[in-house]
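Chains as they are written, first to last, in my numbering: chain A, 2 to 260; chain B, 28 to 186; chain C, 63 to 168.
Structure, rendered in structure tokens:
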């Protein structure tokens with residue numbers, strides 16, 4: 002912890018050779034939850050104090066509300082989300098046959114809105130999309146992640162891994178440099194975690210709002226001074242797919258609270 | 028530059044109010060958005076007036092090193108029977124270095140049963156947090172905590 | 063949109079001290095932040111919170127910009143009789159939200 006972060010970053014920059022990062026051994030995998038101070042953990046664990054629950058509540062209202070030209074609610078087809086959506090988020094992103102590629106939960110919600118409800122898609126990071134995603138994902142709380150198992154997803158998981166390992170941007174850093182090689186060290190006072198997306202959508206204290214994994218990925222990529230992919234870009238879905246498959250077996254803890 | 032000086036000084040004088048520092052106006056820095064210890068002292072004086080504030084009785088629970096200054100959990104409590112003749116009337120929380128010295132005022136009473144409040148606060152920098160309790164016998168008690176606030180490592184671009 | 067999350071025990075024994083937890087969605091814009099262009103974002107905060115039980119005020123709070131977004135406030139009260147808690151949040155730009163919760167005291 003006393004090692005200067007500047008020295009760590011400089012050392013990483015000097016190693017310009019292509020990266021063969023060691024993936025974290027299964028036995029050492031830890032949720033981002035475990036890196037937090039007890040007060041923040043307590044904030045997540047108390048549903049009366051977890052700010053993410055405000056979005057979950059709104060999501061429940063949206064789930065039951067009619068929408069679109071078809072005047073249908075999610076509940077009209079999917080009934081009680083506690084049963085129908087249980088375990089769903091733990092499997093996402095899933096392979097979508099009609100598109101021939103993986104889709105994440107946000108895209109799936111918008112597909113449903115367009116095709117079944119004849120409603121306009123919700124914008125990424127809009128309150129309503131976050132609320133619906135949080136409500137659905139929260140139904141998988143405690144359930145082990147099983148995403149990325151289908152054979153059709155293999156090539157996309159590989160793409161996601163390549164994105165995770167690739168050095169990029171002005172700082173020439175790869176995600177793996179921090180999250181595989183230097184987790185549990187600190188970067189300017191903040192703990193570097195292993196980057197398991199077990200708690201998304203999550204309430205980030207830095208944002209003072211609930212936000213999606215895509216927002217977090219974009220802000221990390223900006224942070225290493227690379228050009229972030231646009232919301233909804235296939236690269237972000239591939240990254241999410243890789244991250245979820247890398248976290249396979251870990252329980253979800255939505256809505257997470259993180260610093 | 029001069030105008031900024033004057034407005035800051037005027038604002039400081041306004042805050043100092045009736046306090047007996049008229050003859051000893053300190054030099055004010057050219058950063059009007061940063062509180063000074065004098066602002067903290069005068070905000071406290073607005074609450075306690077000229078009464079003495081004794082350190083003790085108040086328990087201020089706040090992490091010494093915060094995860095993120097945007098949201099810092101804080102609990103203030105006192106042991107008190109909370110009866111009509113012996114209770115905590117109010118708890119006032121202040122900070123040292125935010126743009127404003129006040130954080131919150133909490134008004135209790137015998138109906139509360141326990142003198143304890145929790146909330147989440149913002150701290151702009153490493154600084155002191157002061158909690159002052161006003162008891163039914165008119166006395167004021169305080170506790171102070173030193174909190175270290177680090178900045179987030181990566182800045183997020185406006186999307 | 064504004065959601066309020068209230069936690070009040072549904073039941074309590076007479077004389078029992080219970081904790082009430084409240085969470086209100088609100089941006090709590092401090093009035094000190096600036097946009098990328100340098101313009102000051104105007105203050106927009108909840109300024110006061112009050113809890114009444116069967117019409118009588120039992121807890122009040124003044125909030126300042128230093129209270130974090132989506133304000134969480136918890137406090138305690140003695141369960142004396144069955145009845146209704148009314149919560150009210152008032153703030154800048156005419157912000158006004160209420161919520162209520164009932165309790166059975168035996």
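Beta carbons: idealized from backbone N, C-alpha and C, even for Gly.
> Listing by chain order, which chain C residues have their CB less than 9 Å from the CB of residue 214 of chain A?
Replying inline: In chain order: nothing, as chain C lies at least about 20 Å away.
> For residue 114 of chain C and chain B, any beta-carbon pair shorter than 8 Å?
Replying inline: At least 8 Å separates the CB of residue 114 of chain C from every CB of chain B.
> Which chain A residues are close to residue 100 of chain B, counting only those with a beta carbon under 7 Å from its beta carbon?
Replying inline: Within 7 Å Cβ-Cβ: 40, 44.
> In chain order, what residues of the same chain have a beta carbon less than 7 Å from the beta carbon of residue 58 of chain A, not counting five sequence neighbours either side?
Replying inline: Result list for residue 58 of chain A: empty, nothing under 7 Å.
>> Whether or not the stretch 129-139 of chain C and the stretch 94-114 of chain B are in contact is what I'm after, with contact meaning three or more pairs of Cβ atoms, one per stretch, closer than 8 Å; do they touch?
In response: Contact holds: three or more Cβ-Cβ distances are below 8 Å.
> So, is the C-beta of residue 245 of chain A closer than 8 Å to a C-beta in chain C?
Replying inline: Contact of residue 245 of chain A with chain C is not assigned, every C-beta pair being separated by 8 Å or more.
> From the DSSP output, which residues share a beta bridge with residue 82 of chain B?
Replying inline: Per DSSP, B:169.
> Of all Cβ atoms in chain A, is any one closer than 8 Å to the Cβ of residue 141 of chain C?
Replying inline: No - not a single Cβ of chain A is within 8 Å of the one on residue 141 of chain C.
> Would you report the Cα separation of residue 187 of chain C and residue 141 of chain C, rounded to the nearest angstrom?
Replying inline: Past the boundaries of the shown model lies residue 187 of chain C; chain C is included only from 63 to 168, so the question cannot be answered.
> Would you call the stretch 37-50 of chain A and the stretch 74-86 of chain C touching, i.e. three or more CB-CB distances under 8 Å?
Replying inline: These segments touch.
> What does residue 135 of chain B touch in chain C if you count any residue whose Cβ is under 8 Å from its own?
Replying inline: Residues of chain C with a Cβ closer than 8 Å to the Cβ of residue 135 of chain B are, in chain order, 121, 137.
> Considering only the beta carbon of each residue, do residue 203 of chain A and residue 53 of chain A sit closer than 8 Å?
Replying inline: Yes, they are a contact pair.
>> For a contact defined as C-beta to C-beta under 9 Å, what are the partners of residue 72 of chain C on chain B?
In response: Neighbours of residue 72 of chain C on chain B: none; closest Cβ ~18 Å, over 9 Å.
> Do you know how far the Cα of residue 140 of chain B is from the Cα of residue 109 of chain B?
Replying inline: Rounded to the nearest angstrom, the two C-alpha atoms are 6 Å apart.
> Which residues in the same chain have their Cβ closer than 7 Å to the Cβ of residue 31 of chain A, if we skip the five residues on either side of it in sequence?
Replying inline: Excluding the 5 residues flanking it on each side, residue 31 of chain A has same chain C-beta neighbours closer than 7 Å at 195, in chain order.
> At what residues does the beta strand (DSSP E) containing residue 92 of chain C begin and finish?
Replying inline: That residue, residue 92 of chain C, is in no beta strand (DSSP E); it is neither H nor E in DSSP.
> Do you know whose CA, among A:244, A:25, A:213, A:207, lies nearest residue 151 of chain B's CA?
Replying inline: Cα-wise, what sits closest to residue 151 of chain B is A:207.
>> Counting only Cβ pairs nearer than 7 Å, list the residues of chain A close to residue 90 of chain B.
In response: Listed along chain A are 38, 40, each with a C-beta nearer than 7 Å to that of residue 90 of chain B.
> Taking the alpha carbon of residue 1 of chain A as the point to measure from, which residue in B:94, B:70, B:83 has its own alpha carbon closest?
Replying inline: Missing from the structure shown is residue 1 of chain A; chain A here goes from 2 to 260 and no further.
> Is the beta carbon of residue 137 of chain A less than 8 Å from the beta carbon of residue 248 of chain A?
Replying inline: At least 8 Å separates the beta-carbon of residue 137 of chain A from that of residue 248 of chain A.
> Quick one: what does DSSP say residue 71 of chain C is sitting in, helix, strand or coil?
Replying inline: Coil at residue 71 of chain C, not helix or strand.
> Given that residue 203 of chain A touches chain B, what residues does it touch there, using C-beta distances under 9 Å?
Replying inline: Correct list: empty, because the minimum Cβ distance to chain B is about 13 Å.
> Near residue 86 of chain B, what residues of its chain come up, given a Cβ to Cβ distance below 6 Å and the 5 sequence neighbours on each side ignored?
Replying inline: The answer, listed in chain order, is 104.
>> Does the contact criterion of 3 or more C-beta pairs under 8 Å hold for the stretch 151-161 of chain C versus the stretch 155-175 of chain B?
In response: With the cut-off at 8 Å, the stretch 151-161 of chain C and the stretch 155-175 of chain B do not touch.
> Considering residue 150 of chain C, what are the terminal residues of the beta strand (DSSP E) in which it resides?
Replying inline: Residue 150 of chain C -> beta strand (DSSP E) spans 145-153.
>> Please tell me whether residue 58 of chain B has its Cβ less than 8 Å away from any Cβ of chain A.
In response: Its pLDDT being 41, under 50, residue 58 of chain B is placed unreliably in this model, and the coordinates cannot settle the point.
> Where do the N-terminal and C-terminal ends of the alpha helix (DSSP H) with residue 240 of chain A fall, by residue?
Replying inline: First-last of the alpha helix (DSSP H) with residue 240 of chain A: 235-247.
>> Is there a C-beta anywhere in chain C that falls below 8 Å from the one on residue 73 of chain B?
In response: No - not a single Cβ of chain C is within 8 Å of the one on residue 73 of chain B.
>> Within 10 Å of its beta-carbon, does residue 193 of chain B have 16 or more other beta-carbons around it, so buried, or fewer, so exposed?
In response: Outside the displayed span of chain B (28 to 186) sits residue 193 of chain B, for which this structure offers no information.
>> Am I right that residue 76 of chain C and residue 159 of chain C are in contact with their C-beta atoms under 8 Å? What's the rounded C-beta distance?
In response: Contact flag wrong, Cβ pair sits at about 31 Å.
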